[in-house]
Structure formats: structure tokens, C-alpha cells
Amino acid sequence: MKCSKQTLIYPATIAALLLVGSLSASAQDAMNQIPAEARNVVQSVRPEAIRAHMGFLADDALEGRRPGTRGFALAANYLQAQFEALGLQPAGENKTYRQAVPLRRVQVNEAASSMAILRKGSEQTLEYGRGFVLSPNFGKANSEVIAPVVFVGFGITAPELSHDDYEKIDVKGKIVAYFNGAPTNFPSNQRAYYSSTSKLENAVAHGAVGVISFSIPTDLRTRMEATATRLRQSQGVTRWVDKQGQAQRTNPELLGVATVSDSTARAMFAGASRSFDDAVGWATRNTPQAFALPVSVRMRTQTTMAPDIRGENVVAILPGTDPVLKNEYVVHVAHLDHLGIGRPVKGDSIFNGAHDNASGVGILLETARLYTSLPNRPRRSIVFVGVTGEELGLLGSDYFASNPTMPGSMVANFSLDMPFFFHPLLDIVPYGVEHSSLSQPVGIAAAALGVEIAEDPIPEQTVFMRSDHFSFVRQGIPALFIKSGFKTGKPQLDGRKVNLDWRGTIYHSPQDDMNQPFDFQAAAKHVQLQFLTSYLVAQADARPVWNKGDFFGNKFGKKKEVK
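Residue numbering for the sequence shown is -27 to -1, 1 to 536, as defined by mature numbering (1 follows the signal peptide of the UniProt record, and there is no 0).
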């Protein structure tokens, strides 16, 4: 196992940094809002423990921790052993530390699948992989749909933004075609949400039986995302399965789902009331549009199914002390899985996932240790979950958030995924901070630690919807996803460049191992932020609430409490 040579910061040094006399006036005010026992415990954070946890989980012996493999089982056993050693109680199924997460993987049989454009008695058969690709159908081994095609702009219904591509058009029993992405005048979070699988759900809600999507030729980002999606689908699609054996979030009403090339899209528009280029123009002006195309399409999809995988979440709890509030849970989550063994890159085929996400699990464990070091447990219960299947589509967290193993209600979620500590932690981006009252505790914690709160420096990455916290948001639970900002304290070191270079060269590659220049001082400060923020939530009289008029609060926050 290779380890970084980065110098560590030890408890005594942390303690010195947090001494009242060394704090600025604003930090002093913030620290005074934190009970003394929490101030004392946070000084005992151990960066060397984070490094040790990461070193084990990212070792070659765990073979990349892919769900359903020996490597993932070893990682789950390690996490459970650490929970037990800390004295945390089991909070999984049947009084164990485990929650079974049934996973089902399906794949399109390309040789037996086809798509054709039908026009006035003629038929244009398309070439798989060049003119189109199909999504697998979880409900049917063989699925076929033949229906007229209606173009619906971006395929979005967003009443709060006065945008409805389906207005005054009937698509029942028809195939809808739309552009990938969303209008550029949408705020970042709404643009991300409406660019997602919500489009498929919206098509179903309007009665469509099939979907065809394609990118605006000049929109490089959505084209890249569509290409990445096609690549993932060519390797199979995985979903979690409910107690009745049904795969979830699959939209079975859609009998055919295709992504097509520019040339295929233009062929469907030939002879329409508006040309493909004109439709692009309307879209770039963010104008809703919908009209029938002069074609029908036939999609035939043959889907092969692999044996179900037994995924597992690892769940532990520190029970609260308040007779009422102990049935409200503050949930810390980090995904335990990674990509396993794949095609060699630079002679290495093991995708170790040191930063993604052994780092998050290491910080989760050290946060849990701080909680167990408290002389008095907090009022609310604290739950720690190592989830499976994040890399397959947030599957373990979605399963847990949809099927919690504890009675009562989850009131807040803190997710850890690639928190980024390749330089000192001087500022943070707490994704989700603008949506709920969680802005208050994270603001206090950051100020007490002398850390600035920065705005999202990469809104185009739509980070708020891309990790496990969003599974809880979908269940109406306020969440924070804290990552490092771009400040480094060194004029010669560009934090933005460091971040984007890492994403471009190391992310999801075998080079994400322990032989990276991790700054474990910064990792320790991530622990302190997680602990202090959630501790304030656990001790507060009132549970967190969505901000009035918030987009995600309005969309999901009115759900019944998770039981």
C-alpha cells in the first residue's frame, strides 16, 4: 500500500488552533454558541486515523469495492467493526448493522434491438450505435412501440418558472422527442433538476409511451453528458428492487427510450412545420415549443437481465437522550463502494477510490468517534450509514432514504463524497446551504473554525444533485453536502485548477489511490465541520426546515415524514 508523505497535524496542534485566545472576534462569537463539551471534543480529531481508514479501504486487496464483490464485503466488514469498536449500536435490519439492498442489472441486446423512422409508407432503418442507442426495459425482455412523434422542446413542465413545453399539445399514446438539457435562463439547481430523469417522469405524466432525446449541436456540455450516459448504458443499468421484486425509478410506461444522433434528429424533422435549426433557435431563446413531427418511429428493445446482486448498507446509531427528540435522526452518509476492477490505465486495473470515496468514509468514522467521545450524548439520535451503489446511481442512499431502518423521522442529512483536501481548508462550499435553515448551524461551525463560506464556484457541474444527499432531498429531508472551496492560501497554487485537473485526470481512474498529495490537516477540519454542524442540529429545539418558497422544499418538502 502506498501512502502520501503529507505531513499530518496532530491533536495538540488542532487544540492550539482552537484555543479561545487565538480566535478572531467573529470566530470567538461563533465558538461561544457551541457548548463547551463539543468545543473540547472537537479538539481531539485525529488526522492520522482518517489516513489509516483510507489506507485500508483504498488498498489493492479490496479490489475497488464494487457492490456484490469480495472487496465490497471486506469494506463493509471493516466499517461494521469500526462502528462496533466505537460502541455504536446496530441500526440495520433485524437488530444488525446491515440493510440488504437488492440490486438488478439489465442491458440492451444490441443485435436484437432496432429503431426505424416511418414516413408515408417508407421505412428508414437506423444503425445501432451510430444513429441511435436504446435504454434497457426493466419490465419486459422484449418491448416494442410504434407511434407518431411529437417534438416538445426541452420536454419540461416548470410552472414556477412559467415554462411548459407540453402546453396545448396532446401526447397521449405518442412518442415525445426533446432536446437534452434545460433553458439557459433557469437557475442552476432548477436547470440541473429539469435536465435529469425528471424529463422521463414528465413524459409519463403526460401519457407518452416512448421518448427520443438529442442534444442541441452547440451545447457541448449536454452532448458530453449524453455520450457518458450512452457509455454507461452500454455497460448495463442497475436499479434497486423493492420488497415485491419490482425495480424502482424505471418508468415502465415508456415502451421505448432512445438517444439519437444529430443526423437522426434532422431526419425526423424533415418536412415538419418548423425545421430542426429553427427549433434549435427557439430553444436557445428559452421559448417553449411543441409540434407534431411528420413521422412515426418503431423501437424494438430486447433486454437481458443479470442475476440480482445483494448490495448492503452498513448502519449504526448513537441514540439520543431527549425522550421525544431521540426519535428524530440526524443522518451522516458516505458511500462505501467504488468501480471495482476495469480496463487498465497506465498499467493499473484496480480503481481504488481513495478520494472517491474512502476519504468520505474515513471522515465519517472520525466524526462518529467524536460523537462517542462526548461526555453526554446529544438530544437527537445520530445515524451513520455507509451506503452501497452510489457509483451505480445513488442506489444505496435512495434505498435507505426510501426504506429507513429506524422508527421515527429523519430531520437532516450530511453527505460526504470527495470532500477535496489537496490543499489547506480555508473555505467551503456547503451545497444546499441556500435551501434550508441548515445554513445557520454550518455558518456557526465554519466561523468558529475560521473557515469562509464560498458561493458555488462551478455551478455548471450541478453538484447539488450528484451525490447521496440528493436521495434524502427527494424524501423531503433538508441536506448539506460540504466540499472544499478553491482558496489555497498560496498565490502560486490555483485551487480551481487543482480541482478541475484532478477531475480531468484522476477522477474515476486507477490513479485515485493513496499515492496522492492529500492534506490530512484539511481532512481533519472537514471532520470538525461535520461534527459541529450536525451537533448543533442535534441539540436544537426545532428541527431544520426548508426556506419559504424554496424550489426543492416546495417540490419535495411537503412529503409526509419518513417513518
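Glycine residues also receive a C-beta, built at the ideal position from the N, C-alpha and C atoms.
- Message: Does Q219 pass the burial test, meaning 16 or more other C-beta atoms within 10 Å, or should it be called exposed?
- Response: exposed
- Query: Excluding sequence positions up to five away, which residues of its chain have a Cβ less than 6 Å from the Cβ of I450?
  - Reply: M383, N386
- Short check: CB of G359 to CB of L52, under 8 Å? yes
- Task: Please determine if the region 123 to 134 and the region 155 to 163 are in contact, where contact requires at least 3 C-beta pairs separated by less than 8 Å.
- Result: yes
- Message: For G326 and D474, which I take to be in contact (beta-carbon distance under 8 Å), what is that distance rounded to the nearest angstrom?
- Response: About 18 Å separates the two Cβ atoms, so there is no contact after all.
- Query: If you draw a straight line from the C-alpha of L76 to the C-alpha of G369, how long is it?
  - Reply: 9 Å
- Identify whether D441 lies in helix, strand or coil by the three-state DSSP scheme. Coil.
- Query: Shortest alpha-carbon distance to G41 belongs to which of Q448, G362, K463?
  - Reply: G362
- With 16 other Cβ atoms within 10 Å as the buried cut-off, status of T276: buried
- Item | When Q512, R38, G530 are compared against W519, the one with the closest alpha-carbon | G530
- By Cβ distance below 7 Å, which residues in the same chain neighbour R516 in space, the five residues on each side in sequence not counted? Taking C-beta separations shorter than 7 Å and ignoring five residues to either side along the sequence, the partners of R516 in its chain run E301, V384, following chain order.
- With DSSP as the reference, label S275 as helix, strand or coil. Sequence inspection shows Gln at residue 275; the Ser mentioned does not correspond to that position. Q275: strand per DSSP, three-state reduction.
- Query: Considering only C-alpha positions, which residue in the set V270, N67, E117, S457 is nearest to S95?
  - Reply: V270
- Return the chain-ordered list of same chain residues with a C-beta closer than 6 Å to the C-beta of G522, the five sequence neighbours on each side being excluded. none
- How about L343 and V510: do their beta carbons lie closer than 8 Å? no
- Task: Using DSSP bridges, identify the partner residues of D137.
- Result: In the DSSP output, where bridge partners are listed per residue, D137 has T130.
- Message: Applying the 10 Å Cβ sphere with the 16-neighbour rule, what's the burial state of T170?
- Response: Here T170 is exposed: its Cβ has fewer than 16 other Cβ atoms, across all protein chains shown, within 10 Å.
- Could you tell me the distance, in whole angstroms, from the CA atom of L228 to the CA atom of S236? In a straight line, the C-alpha of L228 is about 23 Å away from that of S236.
- Taking 8 Å as the cut-off, decide whether the C-beta atoms of T232 and V106 are in contact. yes
- Task: For the beta strand (DSSP E) holding D400, just list the boundary residues, first then last.
- Result: 400 to 404
- Item | For A289 and F357, believed in contact at Cβ under 8 Å, the rounded distance | Confirmed, about 5 Å.
- Would you identify the three-state DSSP class for N386, choosing helix, strand or coil? strand
- Query: In whole angstroms, what separates the C-alpha of A280 from that of D215?
  - Reply: Going by the sequence as given, residue 280 is Pro instead of Ala. So the alpha carbons of these two residues sit roughly 15 Å apart.
- Does the pairing of the region 452 to 463 with the region 292 to 301 give three or more beta-carbon distances under 8 Å? no
- Item | Spatial distance of residue 619 from P261 (CA atoms) | Absent from the structure is residue 619, since the part of the chain shown begins at -27 and ends at 536.
- Query: How close, in whole Å, do the beta carbons of T340 and F504 come, if the pair is a contact with beta carbons under 8 Å?
  - Reply: 5 Å
- Task: May I have a chain-ordered list of the beta strand (DSSP E) segments no shorter than 3 residues that lie completely inside the region 89 to 116?
- Result: 95 to 98, 105 to 107
- Message: So for S(-6), helix, strand or coil by DSSP?
- Response: Low confidence applies here, because S(-6) scores a pLDDT of 41, under 50, leaving its location unreliable and the question unanswered by this model.
- What are the residues that DSSP puts in a beta bridge with N286? DSSP, once it has assigned bridges, lists Q72 as partnering N286.
- Task: Output the boundary residues of the alpha helix (DSSP H) element that contains W255.
- Result: Where W255 is concerned, the enclosing alpha helix (DSSP H) starts and stops at 249 to 257.
- Item | Residue-chain proximity (G313, chain D), Cβ-Cβ < 8 Å | Reference to chain D is not applicable here, since this structure consists of a single protein chain.
- Query: Using a Cβ-Cβ cut-off of 6 Å (strictly less than) and excluding sequence neighbours within five positions of V318, which residues of its own chain qualify?
  - Reply: The answer, listed in chain order, is S482, P483.
- Message: How far does the beta strand (DSSP E) with S188 in it extend, from its first residue to its last?
- Response: Here S188 belongs to no beta strand (DSSP E), and DSSP marks it neither H nor E.
- Task: Per DSSP, which residues does I119 bridge with? Please list them.
- Result: For I119, the beta-bridge partners assigned by DSSP are R271.
- Query: Secondary structure at G320, three-state DSSP: helix, strand or coil?
  - Reply: coil
- Where the alpha helix (DSSP H) containing S375 begins and where it ends: First-last of the alpha helix (DSSP H) with S375: 368 to 375.
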